[in-house]
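Using the numbering used here, the final residue of the sequence shown is 360, and nothing's skipped along the way.
Quick notes on the structure that follows.
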Amino acid sequence: MAAGTATPAEEEYLESLFWLLEAGLPMTAANLARAMQLSAPTVSEMVGRLERDGYILRNSERTIAFTTTGRAHAERVVSRHRMIERFLTDVVGVPWDDVHEEAEHLEHAMTPRFEAYVRASVGDAATCPHGHPIRPGERIEGVPLADCAPGAKIQVLRLENEAEDLLHYLKDHGVEPGLAGRIHASDDEQVEVDFGAHLASITRSVAETVSVLADPSPPPRTALPEQLVLGRDRYGR
């Protein structure tokens with residue numbers, strides 16, 4: 124298959140691999156299967172296809188790496204997805220916790236003409252509604268909300284896992300990108316953040332998926348693999 128003609132199924136896998144790369148998680152078939160909630164044989168077959176089509180390489184340990192073509196294609200797909208999310212919230216008025224799945228349906232059906240219209244409509248927007256950069260490479264590194272100590276000042280950067288049920292939970296509890304507050308309390312079960320207008324209390328497992336800027340800041344660390352499986356059906360990017 125010629126470069127640049129990836130099928131919708133291949134693009135889904137390239138998106139998922141790019142999410143693993145951004146999250147600092149190993150790009151392996153096992154993590155990909157966990158992330159996409161698919162069987163190992165199904166993932167293995169598609170990974171082989173991506174390798175044959177020149178989008179990825181695998182070393183002797185079967186760790187996956189993008190080829191130059193594969194990385195560029197993955198970045199285009201991810202950028203388009205996040206741009207559509209921003210368009211849906213800012214122009215169409217879809218709530219931010221509903222746009223991820225809608226963008227999944229739209230991103231593979233866009234004509235170049237409509238994509239140009241969408242890009243013009245979102246203007247200079249830097250992130251999707253969940254805080255992820257529309258232009259790959261402009262990601263601001265944060266730390267998990269779960270690591271922040273009581274009293275720390277925080278600003279929510281992004282919601283790392285975009286599974287729809289998790290986004291609904293965060294919206295219902297008053298946590299969204301851009302909000303600034305202070306850690307009110309934190310224990311093994313809950314993290315409470317005082318955002319001034321409201322006090323948000325979320326479980327520690329969910330707080331693992333929220334990236335923030337913090338002062339004082341805990342040491343940075345790689346995301347937990349468990350973050351991949353918080354969604355009921357499949358995780359988000």
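Just so you know, even glycine gets a beta-carbon here, dropped at the ideal spot from N, CA and C.
Problem - Spatial neighbours of alanine 125 in its chain, beta-carbon cut-off 8 Å, leaving aside the 5 residues before and after - result: The predicted model places alanine 125 with a pLDDT of 43, which falls under 50 and marks its position as unreliable; any figure quoted below should be read in that light. Taken in chain order, the list of residues that qualify is empty.
Handout entry: beta strand (DSSP E) runs contained entirely in the segment 200 to 242, provided each spans 3 or more residues
Key = none
Practice task
Just tell me which of Phe210, Pro252 and Val279 has its CA closest to the CA of alanine 323.
Solution key: Val279
Practice task
Below 7 Å CB to CB, which residues in the same chain sit around serine 340 once its five sequence neighbours on both sides are set aside?
Solution key: Val266
Practice task
With DSSP collapsed to three states, give me the class of arginine 258.
Solution key: coil
Handout entry: Closest Cα partner of alanine 197 within the set Arg305, Arg242, Asp247 and Leu140
Key = Leu140
Practice task
Over the uninterrupted beta strand (DSSP E) stretch that includes aspartate 317, give me the two end residues.
Solution key: 313 to 317
Exercise for the section: Could I get the ranges of all uninterrupted alpha helix (DSSP H) runs contained in the segment 291 to 347, with 4 residues as the minimum, in chain order? Expected result: 327 to 330
Problem - 7 Å CB neighbourhood of proline 256 in its chain, flanking five on each side removed - result: Ala249, Thr250 and Arg262
Practice task
Flag this pair as yes or no: are the beta carbons of leucine 137 and alanine 129 separated by less than 8 Å?
Solution key: yes
Exercise for the section: Would you decide whether proline 300 is buried or exposed? Buried here means 16 or more other CB atoms lie within 10 Å of its CB. Expected result: buried
Practice task
Compare the Cα-Cα distances from serine 244 to each of Met206, Thr345, Pro252 and Val314 and report the closest residue.
Solution key: Met206
Problem - Residue(s) in a DSSP beta bridge with arginine 281 - result: Ser334
Practice task
May I ask you to verify whether the segment 200 to 214 touches the segment 228 to 237, counting CB pairs closer than 8 Å and requiring at least 3?
Solution key: yes
Practice task
Alpha carbon to alpha carbon, how far is glutamate 225 from glycine 171? Give it in angstroms, no decimals.
Solution key: 29 Å
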